[in-house]
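Asks: Residue numbers (our numbering): 57 to 261.
Yeah, the Cβ is synthetic: ideal placement off N, Cα and C, and Gly gets one too.
These numbers come from a predicted model, not from an experiment.
Let me give you the structure first, and then I'll get to my questions.
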């Protein structure tokens, strides 16, 4: 009788173990990956969305109001202009340190990690493209192509921090004094410039 009860208990424990095994295996699978994420941005008011397109890879899209500050300082005068213009961006991101953050017990959920990115954008602005150019009479499209390194942290309280540094090529119509004719000229122009973007926001999902 005692042996029968012992066998029954062993069979019961074994059955319970086998039933739990698939769930245990599932829980141990590597969950470290990028996810879809939508945010409201604050410093540059707008909305952005990351869509997962592969292992630790996202397509980042945004519509926002871009803020540009330009200062001109010379021996005769100085002036500072602030432009707030509609803009749109799209870029590819690869997050490369999710595993390290997970091993250290740091948050990697909601795409909280470091990334490398290639991006493009359009800004509709009257701002001069550089210090040798004049302010435009009307908004025109400035195209942007670039690459950067950055990090993003989306905290449990829904606060979001996203900072990236890189290099970009911007191109579009520009007005300037032609060095040969001495006339005010408007034509296509482009240049490489360093890029730095700080985005504070609130993540939604």
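Contact defined as beta carbons within less than 8 Å: I believe residue 255 pairs with residue 97. What is the distance between those atoms, to the nearest angstrom?
Replies: Contact holds; Cβ gap of about 5 Å.
Asks: Rounded to a whole number of angstroms, what is the C-alpha to C-alpha distance between residue 181 and residue 162?
Replies: C-alpha separation (whole angstroms): 40 Å.
Asks: Inspect the beta-carbon positions of residue 115 and residue 107 and report whether they are closer than 8 Å.
Replies: Yes, the pair counts as a contact, with Cβ atoms nearer than the cut-off.
Asks: For the beta strand (DSSP E) containing residue 95, list its first residue and its last residue.
Replies: Counting along the chain, the beta strand (DSSP E) containing residue 95 begins and ends at 93-97.
Asks: Excluding the 5 residues flanking residue 111 on each side, which residues of the same chain have their C-beta closer than 7 Å to its C-beta?
Replies: Answer for residue 111: 89, listed in chain order.
Asks: Report all residues from its chain with a CB closer than 7 Å to the CB of residue 177; omit the five preceding and five following residues, and keep chain order.
Replies: Counting only Cβ-Cβ distances below 7 Å, and skipping sequence neighbours, we find 143, 144, 145 and 200.
Asks: With respect to the beta strand (DSSP E) encompassing residue 106, which residues constitute its N-terminal and C-terminal limits?
Replies: Residues 102-110.
Asks: Where does the unbroken beta strand (DSSP E) through residue 255 begin, and where does it stop?
Replies: That run of the beta strand (DSSP E) goes 240-259.
Asks: If we ignore side chains and look at the alpha-carbon of each, how far apart do residue 225 and residue 95 end up?
Replies: Roughly 26 Å between the two C-alpha positions.
Asks: CB residue 241 to CB residue 190, shorter than 8 Å?
Replies: Their beta carbons are not under 8 Å apart, which means residue 241 does not touch residue 190 by this criterion.
Asks: Would residue 221 and residue 205 qualify as a contact pair, given that the criterion is a beta-carbon distance under 8 Å?
Replies: Yes, the pair counts as a contact, with Cβ atoms nearer than the cut-off.
Asks: Using beta-carbon positions only, say whether residue 168 and residue 209 come within less than 8 Å of one another.
Replies: Result yes, Cβ atoms of residue 168 and residue 209 sit closer than 8 Å.
Asks: So is residue 124 in contact with chain B if we call contact Cβ pairs under 8 Å?
Replies: No chain B appears in this structure, which consists of one protein chain only.
Asks: What does the alpha-carbon distance come out to for the pair residue 244 and residue 186?
Replies: Approximately 13 Å between the Cα atoms of the pair.
Asks: If you draw a straight line from the alpha carbon of residue 261 to that of residue 155, how long is it in whole angstroms?
Replies: Computed Cα separation, rounded: 22 Å.
Asks: Unbroken alpha helix (DSSP H) runs of length 4 or more, entirely within the segment 125-166: which are they?
Replies: Whole alpha helix (DSSP H) segments, 4+ residues: 154-159.
Asks: Might you give, ordered along the chain, the residues of its own chain that have their beta carbon closer than 6 Å to the beta carbon of residue 138, omitting 5 neighbours on each side?
Replies: Around residue 138: 125.
Asks: How would you call residue 140, buried or exposed, if buried means at least 16 neighbouring beta carbons within 10 angstroms?
Replies: With fewer than 16 other Cβ atoms within 10 Å, it is exposed.
Asks: Counting only runs that start and end within the segment 191-221, where is the alpha helix (DSSP H) found for 4 or more residues in a row?
Replies: Complete alpha helix (DSSP H) runs here, min 4: none at all.
Asks: Going by Cα to Cα distance, which pick from 102, 165 and 135 is closest to residue 92?
Replies: Checked all of 102, 165 and 135; the closest Cα to residue 92 is 165.
Asks: Does the separation of the CB atoms of residue 173 and residue 148 fall below 8 Å?
Replies: In this structure, residue 148 lies closer than 8 Å to residue 173 by Cβ.
Asks: Rounded to a whole number of angstroms, what is the C-alpha to C-alpha distance between residue 136 and residue 198?
Replies: So the alpha carbons of these two residues sit roughly 20 Å apart.
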